[in-house]
Amino acid sequence: MQVRPVNEPEGQAQWRAIYWRQVNRRVRNLRRRIFRATREGDHRKVRSLQKLMLRSRANAVKSVRQVTQINKGKLTPGVDKLVVKTTEARSALIDRVMAHQPWRASPVRRVYIPKASGKLRPLGIPTILDRAMQAVVKNALEPEWEARFEPESYGFRPGRGCHDAISMIFNIARPTNRRRWVLDADIEGAFDNIGHDALLTAIERFPAKELVRQWLKAGYVEKGILHDTESGTPQGGVISPLLANIAFNGMAAAVGVKHIARGDNIGKRALVRYADDFVVFCETEEDAYAAKADIGAWLQQRGLKLSESKTRVVHLADGFDFLGFNVRHYPTPETSRAGWKLLIKPSGDAIKRFRQRMREEWQTMHGQNAVAVMARLNPIIRGWSNYYRTVVSKKVFARLDSWMFDKEVRWARKTHPHKPWYWLKRKYWGKLHPLRQDRWVFGLAERGPGASLLKLCWTPIVRHVLVKGSASPDDAQLAKYWEKRSDKRHDELTGRQRKLALRQKGVCFWCNETIHNDEYLHVHHLESRRLGGSDELFNLRLMHLYCHQQLHAREKYYRERERFA
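Read in this note's numbering, the sequence shown has 707 at position 553, and its numbers run on one by one without any break.
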């Protein structure tokens, strides 16, 4: 029988008693078995393992944690207006997920978010119960398709991302390569128009196919009115990106991309796809238009079509934008044998959006102190510079730092309108970076080094290492490979967290799972500061936020147990 602290609700005790390392291991092992069976062509075993995953309590527990504690939209309600915030509610949600028969999906709640172009993008927010069930189904369906997806696909897949897509483009678009004509394509209303029949046919033998059908057909509620959905996957669902990738799988084959055994592309065409965004590289302009026709015919079978106004054929000398980067050949007749040099930089639109975001943030900072400014702006600066650190960004970073200096001066003058410049300079600028001689670092000079606003130019340029071929984290044979790739992500962390991640080899002190799973991180003191513990590294451990909470809850449990013994 489980013992819980005095006055602690049963659901809370159950949630805090979960052994996350075992939960993660069970789900990971099942995913790997599904992946291996798919690669071996054992379809009967795949279905059997998928049914086991759908019934797994470990999968239900992990899925509930994902949608109620990790996902960014965890506090966004669906049409039932319910959110799950407490441990008791999470335990109850697990029980509801496990008792999901008979199932009836609820319609999604339609909301709109602004796009980079200024237009609005519709999102469909499922209920929290539907989100949890979608996470359960995703863990059963995703490893099968990870074994089948084309290597040219990089969007919304485990272990892959934007930088892998850009690195592949860097390899394909080298000046020595003959593919210099690019089909820069855009699918019109991609997520809204995917045909349900083609998608359901692709997952014909999946045990939870009827659940997927219900989510696709559930409809959406906007301004209190229920609307039917005859096509498309709702953007906002947990399983929607996976379904979109399934719908777009086969595009590379349709355009004629060919590979040799080790995965290298040997055909006349090459494709790079990130979800519904893709580019096709061809040797001639005529072939690029032929590729456009081939893809158009393939998309038509799925209820989709290319946007004529946004799809174009360009030469690499003119360049194109992709995922916020600009890819272009620049003439260098005197320094290169090919006469051209490939440079990938932050796109002009991305720079404009960053400046606009900074203008808006600085405007909201009027009346705030310098500490609030640093707390607000540093995460934005760090995130933007880390995203563009893998390409030719040094000059862009320097120009933006100069532009930011003007914003700092304006803020200081508005904050202290009656103070002279020498007073402002002494208060807010100085050598505030411990490793740099820069005298114009913004922060609080009286606090000394460390209390400063970040500069983009401090971010080192580091080339991203492209993911290997069709490699997937669900492939048990590549476990060591993925451990090494995970280690490279330590640079994304802040100073102290980076040092602890290196000392702990990239795993959480509590659950022994990777720290790079998109969960918030906390630093734990082995000996509490109130008991005299220090902030030195030997007394610190890096943990997931919720592992940290679980550790302290368990410590509290044993203290109360001793107290009432």
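The C-beta atom is built at its ideal place from N, Cα and C for all residues, glycine as well.
This one's a predicted model, so the numbers in the text were calculated from it and none came from an experiment.
ask   = Is DSSP giving residue 656 helix, strand or coil here?
value = For residue 656, the three-state secondary structure derived from DSSP is helix.
Residue 616 to residue 626 span [Cα, whole Å]: Using only the alpha carbons, I get a separation of about 23 Å.
Item checked: For residue 701, three-class secondary structure by DSSP -> Here residue 701 sits in helix by DSSP.
Q | Validate contact between the segment 387-407 and the segment 299-312 using beta carbons, cut 8 Å, 3 pairs | A | The segment 387-407, when compared against the segment 299-312, does touch it at the 8 Å Cβ threshold.
**Study point:** Distance CB(residue 262)-CB(residue 232) smaller than 8 Å
**Key:** Contact flag set, yes.
- prompt: At which residue ranges does the segment 328-363 contain complete alpha helix (DSSP H) runs of 4 or more residues, listed in the order of the chain?
  reply: The alpha helix (DSSP H) runs of length 4 or more contained entirely in the segment 328-363 are, from start to end of the chain, 344-347, 350-356.
Inset, instruction - May I have the straight-line CA-CA distance separating residue 492 from residue 468, to the nearest angstrom? - result: If you draw a straight line from the Cα of residue 492 to the Cα of residue 468, it is about 19 Å long.
### Message
Please classify residue 692 as buried or exposed, where buried requires at least 16 other C-beta atoms within 10 Å of its C-beta.
### Response
Burial call: exposed.
Three-state secondary structure (DSSP) of residue 395 = Correct three-state label for residue 395: helix.
Got a sec, what are the start and stop residues for the alpha helix (DSSP H) residue 324 sits in?
Counting along the chain, residue 324 sits inside the alpha helix (DSSP H) bounded by residues 316-326.
I'd like to check one pair, residue 389 with residue 276: are the Cβ atoms closer than 8 Å? For residue 276 and residue 389, yes; Cβs fall inside 8 Å.
- Task: Using 10 angstroms around the beta-carbon of residue 174, count the other beta-carbons present and answer buried if the total reaches 16, otherwise exposed.
- Result: Buried, by the Cβ-count rule.
- Task: Using alpha carbons as the reference points, say which of 575, 605, 574 lies closest to residue 587.
- Result: If we check each option's Cα against that of residue 587, 605 comes out closest.
Using three-state DSSP, classify residue 376 as helix, strand or coil.
In this structure, DSSP gives residue 376 an extended state, which the three-state scheme calls strand.
Of the choices 539, 473, 269, 488, whose alpha-carbon is the least far from that of residue 505? Residue 539 is the option with its Cα nearest to residue 505.
Practice problem: Give the straight-line distance between the Cα atoms of residue 609 and residue 545, rounded to the nearest whole angstrom. | Solution: Looking at the two C-alpha atoms, the distance is approximately 17 Å.
Top-ranked residue by Cα proximity to residue 523, from 462, 622, 598, 551: Looking at the Cα atoms, 598 is the closest of the given residues.
Identify whether residue 436 lies in helix, strand or coil by the three-state DSSP scheme.
Here residue 436 sits in strand by DSSP.
Quiz item: How would you write the range of the beta strand (DSSP E) that residue 475 sits in, first residue to last?
Solution: In this chain, the beta strand (DSSP E) harbouring residue 475 covers 474-476.
- request: Over the uninterrupted alpha helix (DSSP H) stretch that includes residue 605, give me the two end residues.
  value: DSSP places residue 605 outside any alpha helix (DSSP H), giving it a letter other than H or E.
| query | Would residue 235 count as contacting chain C if we go by Cβ distances under 8 Å? | reply | No chain C appears in this structure, which consists of one protein chain only.
- Item | Expected contact under 8 Å - CB spacing of residue 181 and residue 293 to nearest Å | Contact between residue 181 and residue 293 holds: CB atoms are separated by about 6 Å, below the 8 Å threshold.
Please report the distance separating the alpha-carbon of residue 260 from that of residue 365.
Roughly 11 Å between the two C-alpha positions.
In the DSSP assignment, what residue or residues form a beta bridge with residue 389? In DSSP, residue 389 forms a bridge with 391.
Open item on the list: Quick check on residue 213: buried or exposed, where buried means 16 or more other Cβ atoms within 10 Å of its Cβ?
Closed with: Within a 10 Å sphere around the beta-carbon of residue 213 sit 16 or more other beta-carbons, which makes this residue buried.
So within the segment 178-223, which uninterrupted alpha helix (DSSP H) runs reach at least 4 residues, ignoring any that extend past its ends? Runs of the alpha helix (DSSP H) lying entirely within the segment 178-223 and spanning at least 4 residues, in chain order: 197-209, 211-219.
Notebook entry, point to check: Out of curiosity, what's the CA-to-CA distance linking residue 209 and residue 684?
Noted result: Here the alpha carbons of residue 684 and residue 209 stand approximately 45 Å from one another.
ask   = Out of curiosity, what's the CA-to-CA distance linking residue 478 and residue 346?
value = Taking the straight line joining both Cα atoms gives about 23 Å.
Inset, instruction - Using the Cα positions of residue 572 and residue 601, report the straight-line distance between them to the nearest angstrom. - result: Rounded to whole angstroms, the gap between the alpha carbons of residue 572 and residue 601 is 23 Å.
Can you tell me the Cα-Cα spacing of residue 191 and residue 630, whole angstroms?
Straight-line Cα distance between these residues: approximately 12 Å.
Query raised in the report: Do residue 675 and residue 651 have their CB atoms nearer than 8 Å?
Result: Closer than 8 Å, so yes.
Original post:
Do residue 698 and residue 321 have their C-beta atoms within less than 8 Å of each other?
Top reply: Between residue 698 and residue 321, the CB-CB gap reaches or exceeds 8 Å.
| task | Quick one: measure Cβ to Cβ for residue 679 and residue 694, integer angstroms, because I've assumed they're closer than 8 Å. | result | So it is a contact: roughly 6 Å between Cβ atoms.
Contacting residues, own chain, Cβ-Cβ under 6 Å from residue 667 (five flanking each side not counted) = Close CB contacts of residue 667 within its chain, under the 6 Å cut and outside five residues either way in sequence, are with 178 (chain order).
* Asked: Just the Cα atoms here: how many angstroms apart are residue 497 and residue 489?
  -> Rounded to the nearest angstrom, the two C-alpha atoms are 14 Å apart.
Q. Between which two residues does the alpha helix (DSSP H) carrying residue 502 extend?
A. For residue 502, the enclosing alpha helix (DSSP H) begins and ends at 502-518.
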